[in-house]
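Below is one structure, written out as structure tokens, with a few remarks after it.
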Amino acid sequence: MTKPTDLTDPAALQRSEDPWAGLRRHTSARIALGRTGVSLSTARNLEFQMAHAQARTAVHSPLDLDALEADLGEPLLRVESRAPDRPAYLQRPDWGRRLDASSVARVEAIRPATAPDVALVLADGLSSLATQQSAPGFLKAFRPLLAEAGLSVAPPVVATQGRVAIGDEIAAILGAKLVVMMIGERPGLSAADSLGLYLTWAPKVGRTDADRNCISNVRPGGQSYEDAAYRAAWLTREAFKLQLSGVGLKDRTVTVDASAQVEG
Amino acid sequence: MYSHQVGAELFRFPDLRTLMARATPLRSGDQLAGIAAATDVERAAAQAALADVPLKTFLSEVVVPYEADEVTRLIIDTHDKAAFAPVSHMTVGDFRDWLLSDAADSAALAALAPGLTPEMAAAVSKLCRAQDLILIASKCRVVTTFRNTLGLEKRLATRLQPNHPTDDLRGIAASTFDGLMYGSGDAVIGINPATDNLHATVELLHLLDEVIQEYAIPTQSCVLSHVTNTMAAIEEGAPVDLTFQSLAGTEAANTSFGINLDILTEGHEATQSLKRGTVGQNCMYFETGQGSCLSADAHHGVDQQTLEARAYAVARKYEPLLVNTVVGFIGPEYLYDGRQIIRAGLEDHFCGKLLGVPMGCDICYTNHAEADQNDMDMLLTLLGAAGINYIMGIPGSDDVMLSYQTTSFHDALYARRVLGLRPAPEFEEWLDKMGLMASDGAFSPARQPPAALSKRMSLLEAQ
Numbered sequence: 001m002t003k004p005t006d007l008t009d010p011a012a013l014q015r016s017e018d019p020w021a022g023l024r025r026h027t028s029a030r031i032a033l034g035r036t037g038v039s040l041s042t043a044r045n046l047e048f049q050m051a052h053a054q055a056r057t058a059v060h061s062p063l064d065l066d067a068l069e070a071d072l073g074e075p076l077l078r079v080e081s082r083a084p085d086r087p088a089y090l091q092r093p094d095w096g097r098r099l100d101a102s103s104v105a106r107v108e109a110i111r112p113a114t115a116p117d118v119a120l121v122l123a124d125g126l127s128s129l130a131t132q133q134s135a136p137g138f139l140k141a142f143r144p145l146l147a148e149a150g151l152s153v154a155p156p157v158v159a160t161q162g163r164v165a166i167g168d169e170i171a172a173i174l175g176a177k178l179v180v181m182m183i184g185e186r187p188g189l190s191a192a193d194s195l196g197l198y199l200t201w202a203p204k205v206g207r208t209d210a211d212r213n214c215i216s217n218v219r220p221g222g223q224s225y226e227d228a229a230y231r232a233a234w235l236t237r238e239a240f241k242l243q244l245s246g247v248g249l250k251d252r253t254v255t256v257d258a259s260a261q262v263e264g
Numbered sequence: 001m002y003s004h005q006v007g008a009e010l011f012r013f014p015d016l017r018t019l020m021a022r023a024t025p026l027r028s029g030d031q032l033a034g035i036a037a038a039t040d041v042e043r044a045a046a047q048a049a050l051a052d053v054p055l056k057t058f059l060s061e062v063v064v065p066y067e068a069d070e071v072t073r074l075i076i077d078t079h080d081k082a083a084f085a086p087v088s089h090m091t092v093g094d095f096r097d098w099l100l101s102d103a104a105d106s107a108a109l110a111a112l113a114p115g116l117t118p119e120m121a122a123a124v125s126k127l128c129r130a131q132d133l134i135l136i137a138s139k140c141r142v143v144t145t146f147r148n149t150l151g152l153e154k155r156l157a158t159r160l161q162p163n164h165p166t167d168d169l170r171g172i173a174a175s176t177f178d179g180l181m182y183g184s185g186d187a188v189i190g191i192n193p194a195t196d197n198l199h200a201t202v203e204l205l206h207l208l209d210e211v212i213q214e215y216a217i218p219t220q221s222c223v224l225s226h227v228t229n230t231m232a233a234i235e236e237g238a239p240v241d242l243t244f245q246s247l248a249g250t251e252a253a254n255t256s257f258g259i260n261l262d263i264l265t266e267g268h269e270a271t272q273s274l275k276r277g278t279v280g281q282n283c284m285y286f287e288t289g290q291g292s293c294l295s296a297d298a299h300h301g302v303d304q305q306t307l308e309a310r311a312y313a314v315a316r317k318y319e320p321l322l323v324n325t326v327v328g329f330i331g332p333e334y335l336y337d338g339r340q341i342i343r344a345g346l347e348d349h350f351c352g353k354l355l356g357v358p359m360g361c362d363i364c365y366t367n368h369a370e371a372d373q374n375d376m377d378m379l380l381t382l383l384g385a386a387g388i389n390y391i392m393g394i395p396g397s398d399d400v401m402l403s404y405q406t407t408s409f410h411d412a413l414y415a416r417r418v419l420g421l422r423p424a425p426e427f428e429e430w431l432d433k434m435g436l437m438a439s440d441g442a443f444s445p446a447r448q449p450p451a452a453l454s455k456r457m458s459l460l461e462a463q
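Each protein sequence line maps, in turn, to chains S and Y.
Residue 264 is where the first sequence ends in full-length UniProt numbering, and the numbering goes up by one at each step.
Residue 463 is where the second sequence ends in full-length UniProt numbering, and the numbering goes up by one at each step.
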């Protein structure tokens, strides 16, 4: 039991602060912001501006593919969706779910002679920052678990201006039985760098969210790469056992973080 | 077939739903659906053709087939012909002129509401500028009651929205106290739960009920779970004030939400049977938003703004306490930027009020939309001028559970000051009595919590 804050602290009042700032220990919500008149102080206003600027930067920055390959320590097949740029991507989710024609040919060209078990697809989604920052760390933890399970893996692919479902088309061309899609989630003000993982059994064009399992909020300060890899590997093994994914496959590892944003 | 001649060019529109879609001010959702006007001239031509359509046409030519859709059947079967009579001879264009005229006062508009279909309201909104949407809506009064009175002239209520990423009870209590200190919460204290878990819903209902009872706050609580969850909570004896549900404007979209009119009727009856209101028994809370039908692939080629108005026809059947459009939540594929969000917010409020629905608005945006706080300030000010019943109130505009930005406790105080808008009368009296905010018109919250609150807040802080 800690000593309660003195709610009549004159120093706090003078700083336009609210005397109940101690309640912040219970929530990440922006409580006890204080006021000048009935408005936010300059400092509070600027904090908000910065958080919004960071969230927008996460949405609008392109993936640095060279840096991503360097961090992964292996080359990636680079493909593009049918959305030519970010404004088109944001307005046409249907374009972001499909490969453009030249990308289809590039994926066909690397199709393994023997059908792989698992396809690994990365995409910028709504936060390139998340993919840039967390996909390499996740894969480093995840790939050994796939190898342990005796599953073969197709050459990894990275899609730009991509939505979750573009992984289905890529994996179908590769002939993979299951796809693991790593994609940036819609940024919030407090976390602009959440990576989402989507597992889909028997991937093909036309699969919906009901066919997928999702692991969200993978980021430093969120779900760790090791935990996410453990859960993704568990779901992968179960998917191969049950020959399905989605609503019929329940994650029985730990409770799912329901606050995460699902990106479609 | 509808048409309009512009110089040498004849613009043709095969049916009413196409005409309505082409006449709609530009927005990304209609473009995504492939039904928007191709050019500005086509849009203006469609608006001109729409202005000449008799209002009676909307009773014979439906935009979604009667046989295939229970929302259409509800609209047609419950249409009040006597209420419609005063405007039944008008075209859409005449109707706009009448709405702006001095003959259309609050009493005339209230009497007309049951005679209007959502498609009529949507059609006339497409001919209105922003100032028309504001001026006409400001003449509409839709007053509802539960433990206080909402929607009175020059009053603005707020939903205190103390969401928490994991439904932590202490976190939710902390945000609730923060909101009460800023005079928020007369529309409802309403939580979006992080899960649809029944046990969690019941726990949250008890927490809110305890706070409301302990301080005798003249307001109501709500946990915004699925209607069937709330019905299960009622069966368990949980203290349910308001039953919540998201609504859309077609049967197919509502099916995707796991509801239909019968389920809503059951939810309404179960909630009413508790008789927990003290001033009145409006006990439903609905949320809507343009784009939900398209998102559910259930739009029937109808524009998203018309479909949104149809959701209000569903809402009004249940005499709700609160209805709000969550205008910028759905994302830029439906409303691309601040300009489109502002227009949509004004349209939704206008259509809801014309139809007799107690409209509020979640004035909001996501981080992938081309919008920011400045756009929200504009929409807030415009809706305040339009006489909106209530807005959201959240700590610092940042919803840490749903990851979007809406209006803050501070924003509501800004709107009160600049537009002279007071809280609901019973709540205002309570704020004054508690020492939280003097009813002196300055809307300045107390700097320190009054004794009754500070004890609980200190205890909470120490937990």
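Backbone N, C-alpha and C fix where the C-beta goes; we use that ideal spot for every residue, glycine too.
Small disclaimer: the values here were computed from a predicted structure and weren't measured.
- The residue from Asp-168/Y, Arg-276/Y and Phe-84/Y with its alpha-carbon nearest to that of Leu-55/Y is Phe-84/Y.
- Runs of the beta strand (DSSP E) lying entirely within the region 208–287 of chain Y, each at least 3 residues long, are 221–223 and 243–246 in chain order.
- The C-alpha of Asp-251/S is placed about 7 Å away from the C-alpha of Leu-235/S.
- Look at Gln-340/Y here: in three-state DSSP terms it is helix.
- When C-beta distances to chain S are compared with 9 Å, the residues of the region 376–400 of chain Y below that value are Ile-394, Pro-395, Gly-396, Ser-397, Asp-398, Asp-399 and Val-400, in chain order.
- Neighbours of Val-59/S in chain Y, taken as residues whose beta carbon is under 7 Å from its own, are Asn-367 and His-368 in chain order.
- Chain-order list of chain S residues neighbouring Ala-174/Y: Leu-23, His-26, Thr-27 and Ile-31, by C-beta distance under 7 Å.
- Residue burial annotation: Pro-220/S is exposed, with fewer than 16 other C-beta atoms found within 10 angstroms of its C-beta.
- Considering only beta carbons, no part of the region 149–178 of chain S lies closer than 9 Å to chain Y.
- In the structure shown, Met-90/Y falls within a coil segment according to DSSP collapsed to helix, strand and coil.
- Val-158/S has Arg-78/S and Leu-122/S as its beta-bridge partners, per DSSP.
- Contact check for Asp-30/Y and Thr-24/Y: beta-carbon distance about 6 Å, within the 8 Å limit, so the pair qualifies.
- In this structure, Lys-126/Y and Gln-47/Y form a Cβ contact; the two beta carbons are roughly 6 Å apart against a cut-off of 8 Å.
- Inter-residue distance for Arg-339/Y and Leu-72/S is about 41 Å (C-alpha atoms, whole angstroms).
- A buried status is given to Asn-163/Y, since no fewer than 16 other beta-carbon atoms sit within 10 Å of its beta-carbon.
- With respect to Ala-119/S, Ala-171/S sits close: the two C-beta atoms are nearer than 8 Å.
- At least one CB of chain S lies nearer than 8 Å to the CB of Leu-413/Y.
- Chain S has a Cβ within less than 8 Å of the Cβ of Phe-443/Y.
- Nearest CB-CB separation between Asp-168/Y and chain S: below the 8 Å threshold.
- For Val-357/Y, the three-state secondary structure derived from DSSP is coil.
- For Thr-158/Y, the secondary structure class from DSSP, reduced to helix, strand or coil, is strand.
- The three-state reading of DSSP puts Asn-374/Y in helix, counting H, G and I together.
- The region 38–51 of chain S makes no contact with the region 345–364 of chain Y: fewer than 3 CB pairs, one atom from each, lie closer than 8 Å.
- Residue pairing by DSSP puts Gly-196/S in a beta bridge opposite Ile-183/S.
- At a cut-off of 8 Å between beta carbons, Tyr-336/Y contacts chain S.
- Collapsing the DSSP output to three states places Val-104/S in a helix.
- If one requires a minimum length of 4 residues, the alpha helix (DSSP H) runs lying completely within the region 42–89 of chain Y are 57–60, 70–77 and 81–84, in chain order.
- The shortest C-alpha to C-alpha distance from Ala-239/S to any of Asp-227/S, Leu-174/S, Pro-84/S and Pro-203/S is the one to Pro-203/S.
- A distance of 8 Å or more separates the beta carbons of Tyr-334/Y and Gln-305/Y.
- For Glu-333/Y, the C-beta contacts it makes with chain S under 8 Å involve Leu-90, Gln-91, Arg-92 and Pro-93, in order along the chain.
- Within the DSSP bridge table, the entry for Tyr-390/Y names Ala-157/Y and Gly-360/Y as partners.
- Checking the DSSP bridge columns, you'll see Cys-214/S partnered with Tyr-198/S.
- Neighbours of Val-38/S in chain Y, taken as residues whose beta carbon is under 7 Å from its own, are His-410, Leu-413, Tyr-414, Arg-417, Phe-443 and Ser-444 in chain order.
- Here the alpha carbons of Val-158/S and Asp-186/Y stand approximately 50 Å from one another.
- For Val-59/S, the enclosing alpha helix (DSSP H) begins and ends at 42–60.
- When rounded, the separation of the alpha-carbon atoms in Gly-384/Y and Gly-328/Y is 17 Å.
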